[in-house]
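A.B. asks: Chains as they are written, first to last, in the UniProt record's numbering: chain A, 1 to 265; chain H, 1 to 163. Just so it is clear, CB atoms sit at the ideal spot from N, CA and C, and this is done for glycine as well. In this text, all values refer to a predicted model and were calculated from it rather than measured experimentally.
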Ligand SMILES: Cc1cc2nc3c(=O)[nH]c(=O)nc-3n(C[C@H](O)[C@H](O)[C@H](O)COP(=O)(O)OP(=O)(O)OC[C@H]3O[C@@H](n4cnc5c(N)ncnc54)[C@H](O)[C@@H]3O)c2cc1C
Ligand code: FES
Ligand code: FES
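(1) Report the neighbours of residue 31(A) on chain H: residues whose CB is nearer than 7 Å to its CB, in chain order.
(2) Between which two residues does the beta strand (DSSP E) holding residue 166(A) run?
(3) How close, in whole Å, do the beta carbons of residue 107(A) and residue 29(A) come, if the pair is a contact with beta carbons under 8 Å?
(4) Quickly, what does DSSP pair residue 208(A) with across the bridge? List them, please.
(5) Using 8 Å for Cβ pairs, my map puts residue 60(H) next to residue 108(H). What's the rounded Cβ distance?
(6) Tell me, to the nearest whole angstrom, how far the beta carbon of residue 115(A) is from that of residue 156(A); I am working on the premise that it is less than 8 Å.
(7) Measuring CA to CA, which of 97(H), 101(H), 129(H), 91(H) is closest to residue 152(H)?
(8) Bridge partners of residue 17(H), per DSSP?
(9) Measuring only from the beta carbon, is residue 49(H) closer than 8 Å to any heavy atom that is part of ligand 2?
(10) Cβ-heavy atom distance between residue 40(H) and ligand 2 below 8 Å?
(11) Since I believe residue 106(H) is in contact with residue 133(H) (beta carbons under 8 Å), could you give me their beta-carbon distance rounded to a whole number of angstroms?
(12) Do we get a CB-CB distance below 9 Å when we pair residue 101(A) with the residues of chain H?
(13) Considering only DSSP beta bridges, list what residue 5(A) is partnered with.
(14) Given that a residue counts as buried once 16 or more other Cβ atoms are within 10 Å of its Cβ, and exposed if not, what is residue 62(H)?
(15) Is the Cβ-Cβ distance between residue 116(H) and residue 156(H) less than 9 Å?
(16) Have a look at 35(H), 32(H), 56(H), 33(H) and flag the residue whose alpha-carbon is nearest the alpha-carbon of residue 43(H).
(17) With a threshold of 8 Å, establish whether the CB of residue 46(H) neighbours any heavy atom of ligand 4.
(18) Can you round the beta-carbon distance between residue 200(A) and residue 189(A) to whole angstroms, since I take them to be within the 8 Å contact cut?
(19) In this structure, how does DSSP classify residue 257(A) when only helix, strand and coil are distinguished?
(20) By how many angstroms is the C-alpha of residue 97(H) removed from the C-alpha of residue 146(H)?
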């Protein structure tokens with residue numbers, strides 16, 4: 001690891017100020033960034049630690065949505081009564097990220113800001129139609145936030161402060177784990193709302209987390225596993241690597257989507 | 001360089017560290033607590049697992065500077081001062097839960113945390129909990145047996161402790 005300065009701001013305002021420094025980078029749980037630094041794939045001059053900022057932590061239910069602070073750890077989302085009762089699929093997703101030690105450090109904000117194409121949270125944010133709030137006062141719809149593999153709409157120095165998740169009538173996340181990394185080889189998040197269904201795919205797409213429009217249309221008129229049976233996600237948009245061909249991933253998307261719909265009940 | 005003050009196995013520690021110093025480097029290289037191992041250094045294996053404020057953390061994936069004010073417990077801090085093994089360690093000995101022993105400190109710390117949050121884990125729950133703890137020797141069966149046996153001992157011990 002190259003060396004860097006380490007700052008522990010006392011408030012979000014201080015963190016935003018510190019992020020103006022040249023080559024400053026935020027660190028939240030460090031479960032992605034520290035391995036990246038070890039591999040010398042990043043060389044910030046200063047790390048701004050968000051993990052102690054109480055104003056970025058916690059879950060609250062506000063009407064028909066759940067607001068979750070960016071520095072809320074996966075373990076806290078998984079264990080939150082508010083999340084378990086409002087969106088149990090989101091609590092289950094958080095409770096199945098990595099392993100217990102990873103969940104005791106890793107955070108929601110770090111996951112969405114990183115937008116790893118195999119990460120779990122981006123699929124929930126996209127399928128639930130979440131809104132990502134930032135330190136620049138922006139409220140960005142998930143549809144406009146995730147731009148591609150490891151790419152988001154965040155500007156230089158801009159921090160995710162919280163994510164608002166609309167509460168669906170039903171939702172389910174199905175993850176087929178890559179057995180070594182425990183990330184999603186393919187993950188499918190299905191959310192049902194009174195106005196229709198949304199389906200987001202992670203782990204599989206060249207463009208990072210993506211919606212499956214055709215399945216959404218089918219499920220919006222008939223929310224049943226039968227409605228998506230025989231449908232195939234276009235394989236030309238899918239990742240092929242040592243873990244699976246595009247055709248393999250396309251098949252998994254179909255299987256997991258049907259399972260997720262069934263699990264929604 | 002950040003100055004930090006934390007508690008390690010009940011003792012107050014004050015150090016100046018580099019920004020990039022990992023918690024595991026502080027423990028092993030500065031404090032000589034070499035029971036915490038580095039297996040992979042890529043956040044996969046859990047040999048470096050310690051408790052930060054009572055919860056499992058991979059100490060190779062946390063900056064020492066981020067441990068400011070924290071209470072850290074390592075494998076050196078779990079047995080009695082006279083060397084008597086704690087319940088989880090004793091269960092590992094009893095059930096032959098280790099071979100080379102490299103993964104064992106992380107396994108013991110991880111299972112201790114599991115039994116804190118779940119006093120009666122099923123075999124499946126033990127196996128799922130240990131997803132982030134890799135053992136290249138035992139095939140896990142005896143580790144799982146040790147965890148289940150430690151849970152039973154602790155449950156049995158509770159009424160006695162309450163008397
Ligand atoms: C063994 C292992 C298994 C894992 N398995 C999974 C899995 O199954 N599914 C999954 O989804 N993830 C998995 N992860 C990743 C884990 O969820 C990470 O915690 C998460 O992706 C990043 O969150 P973090 O808080 O650790 O972020 P960090 O590592 O601290 O930061 C990641 C990036 O986000 C930036 N950042 C952090 N916070 C903010 C913010 N508030 N605003 C703007 N930018 C910010 C940082 O600058 C950095 O670029 C795994 C990790 C490990 C080590
Ligand atoms: S050495 Fe930390 S997880 Fe392997
Ligand atoms: S006993 Fe050798 S690695 Fe587990």
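C.D. replies: Quick look at the numbers:
(1) 43, 61
(2) 160 to 166
(3) 5 Å
(4) Per DSSP, none; premise fails for residue 208(A).
(5) Not confirmed; about 17 Å, so no contact.
(6) Wrong, their Cβ atoms sit about 16 Å apart, outside the cutoff.
(7) 91(H)
(8) In DSSP, residue 17(H) forms no bridge with anything.
(9) yes
(10) yes
(11) 5 Å
(12) yes
(13) 46(A)
(14) buried
(15) no
(16) 56(H)
(17) No copy of ligand 4 occurs in the structure displayed; its ligands are ligand 1, ligand 2 and ligand 3 alone.
(18) 5 Å
(19) helix
(20) 6 Å
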